[in-house]
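Everything below concerns the one structure shown next.
There are 2 protein chains.
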Amino acid sequence: MGWTERVVAHLADEGHRLTGPRRAILDYILRYSVPFTSEELIADLQKAGVHVGRATVYRTLELLHNYQWLSLVHRPEGEHGYVVAEPGHQHHLVCRRCGMVTAFQGCEIESLLGGLAERLNFRIEGHWLEAFGVCRGCQRANNERV
Amino acid sequence: MGWTERVVAHLADEGHRLTGPRRAILDYILRYSVPFTSEELIADLQKAGVHVGRATVYRTLELLHNYQWLSLVHRPEGEHGYVVAEPGHQHHLVCRRCGMVTAFQGCEIESLLGGLAERLNFRIEGHWLEAFGVCRGCQRANNERV
DNA sequence: AGTGTAGTGATACAAAATATCAAAAAGATT
DNA sequence: AATCTTTTTGATATTTTGTATCACTACACT
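Protein chains in written order, with this note's numbering: chain D, 1 to 146; chain W, 1001 to 1146.
Structure follows, in structure tokens:
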């Protein structure tokens, strides 16, 4: 079962309706290999001849983000972009060159934060970790060029 | 030597002028106990009768952020806010209730990411870590209320 | 005090996001 | 399949946020 189907099933469970525009957005989102912004999606849908109102795009992205079917990452240029995700704890590696995102889990950070929380009497409920650098492909591309 | 003086000295070192508006902004910034946005600062300065142009506020915040005298954190509501910081690697604990920010260092995350980078052939150049939860004060306040 | 230049601010402009609300369409019900 | 209830949509207006311009100001240095 692919991402779209899982999303669809989950939204239905939560009592949301599966509308044409939502389907169209879900289908389109999977084409992105790098993080995208709301405005980019709106423009791309337009160009692709998919007719969806801008408000609907914003609303749908927000909905998916709330359920963690989309994550926000910092793009090299500075703004936030959405990436397809799975609900649950996840982190991302973002390539500064090509923008590609790799998700990873394995979160030993919990323990690190645990000790900290104890010292500060701070009840930690979650965290946000994101790393950036240069992906394998871009390193190679760079070497070949030089 | 307080934060403001350190900033002032550093800016002078870097060849920047110490102007009235910059002074005013530096002085005002320290009043915040929670992260603030550019627009909030603009509005607050206005209310306080401190006359500084909006462009200048944006420019000054950007300047300070570039030198890491200000950090950006995710506020509970979702947007980014600035907090007073010290140059160098730093992370933040953000309280979901009151918005208060506590900085911390101790970054064993490096090693965690190091292993990951090796596995994925990804050259990691930096990361962004931020934790959120409930601070000591808000935990207590909550207990008393119940 | 005079001077070169970084910095300012009013304004206009551009971009990004939200509010409104009548109309459309999902999905349940019969 | 026709109806009904309610969510969802989309056109538009509006707000909010951020940037560009450029004549003018006032630092800092001599």
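Backbone N, C-alpha and C fix where the C-beta goes; we use that ideal spot for every residue, glycine too.
For the segment 1115-1126 of chain W, the residues whose beta carbon sits under 8 Å from a beta carbon of chain D are, in order, Leu1116, Ala1117, Leu1120, Asn1121, Phe1122, Arg1123, Ile1124, Glu1125, Gly1126. Thr102(D) carries a strand assignment under DSSP once its states are collapsed to helix, strand and coil. Between Leu1113(W) and the set Arg1123(W), Ala1048(W), Phe1104(W), the nearest pair of CA atoms involves Arg1123(W).
Here Ala9(D) is exposed, its C-beta having fewer than 16 other C-beta atoms within 10 Å.
Counting C-beta atoms within 10 angstroms of its own C-beta, Leu18(D) has fewer than 16 neighbours from the protein chains shown and is therefore classed as exposed. Contact annotation: in the segment 57-71 of chain D, no residue has its CB less than 7 Å from a CB in chain W. No Cβ of chain W is located within less than 9 Å of the beta carbon of Arg75(D).
About 7 Å separates the Cβ atoms of Val84(D) and Leu30(D), confirming a contact at the 8 Å cut-off.
When Cβ pairs closer than 8 Å are counted between the two stretches, the segment 79-99 of chain D is seen not to touch the segment 1085-1093 of chain W, the count staying below three.
Of all alpha-carbon atoms in Thr56(D), Gln105(D), Asp27(D), the one lying nearest the alpha-carbon of Thr4(D) is that of Asp27(D). In the three-state reduction of the DSSP assignment, Cys135(D) falls in the coil class.
Below the 9 Å Cβ cutoff, chain D contributes Asn121, Phe122, Arg123 as neighbours of Gln1139(W), in chain order. Any Cβ of chain D closer than 9 Å to the Cβ of Thr1102(W) would place that residue at the interface, and such an atom is present. Against chain D, a Cβ distance below 7 Å from Leu1011(W) picks out nothing, because the smallest value is about 23 Å. Residue-level contact check: Phe1036(W) does not touch chain D, since none of the beta carbons of chain D fall below 9 Å from its beta carbon.
Looking at the DSSP output, Trp128(D) bridges to Glu1130(W). One finds nothing in chain D with a Cβ atom closer than 8 Å to the Cβ of Cys1098(W); even the nearest lies about 12 Å away. Non-local C-beta neighbours of Phe36(D) in its own chain, meaning closer than 7 Å and more than five positions away in sequence, comprise Gly81, Tyr82, ordered along the chain. Tyr1058(W) is not a Cβ neighbour of Leu1011(W), given a cutoff of 9 Å. Taking all protein chains in view, the Cβ of Arg1022(W) is crowded by 16 or more other Cβ atoms within 10 Å, so the residue is classified as buried. Between Gly133(D) and chain W, the shortest Cβ-Cβ separation is below 9 Å. Taking the CA atoms as reference points, Gly15(D) sits about 40 Å from Ser1071(W). If you compare the alpha carbons of Gly78(D), Ala24(D), Leu64(D) with that of Gly53(D), the shortest gap goes to Ala24(D). Within the segment 1019-1049 of chain W, no residue has its Cβ closer than 9 Å to any Cβ of chain D.
In the DSSP assignment, Tyr1058(W) falls within the unbroken alpha helix (DSSP H) covering 1054-1066. The CB of Arg1136(W) comes closer than 9 Å to the CB of Leu120, Asn121, Phe122, Arg123 in chain D, given here in chain order. According to the DSSP secondary-structure assignment, His1074(W) is paired through a beta bridge with His1080(W). Among the CB atoms of chain D, none fall inside 9 Å of the CB of Glu1086(W).
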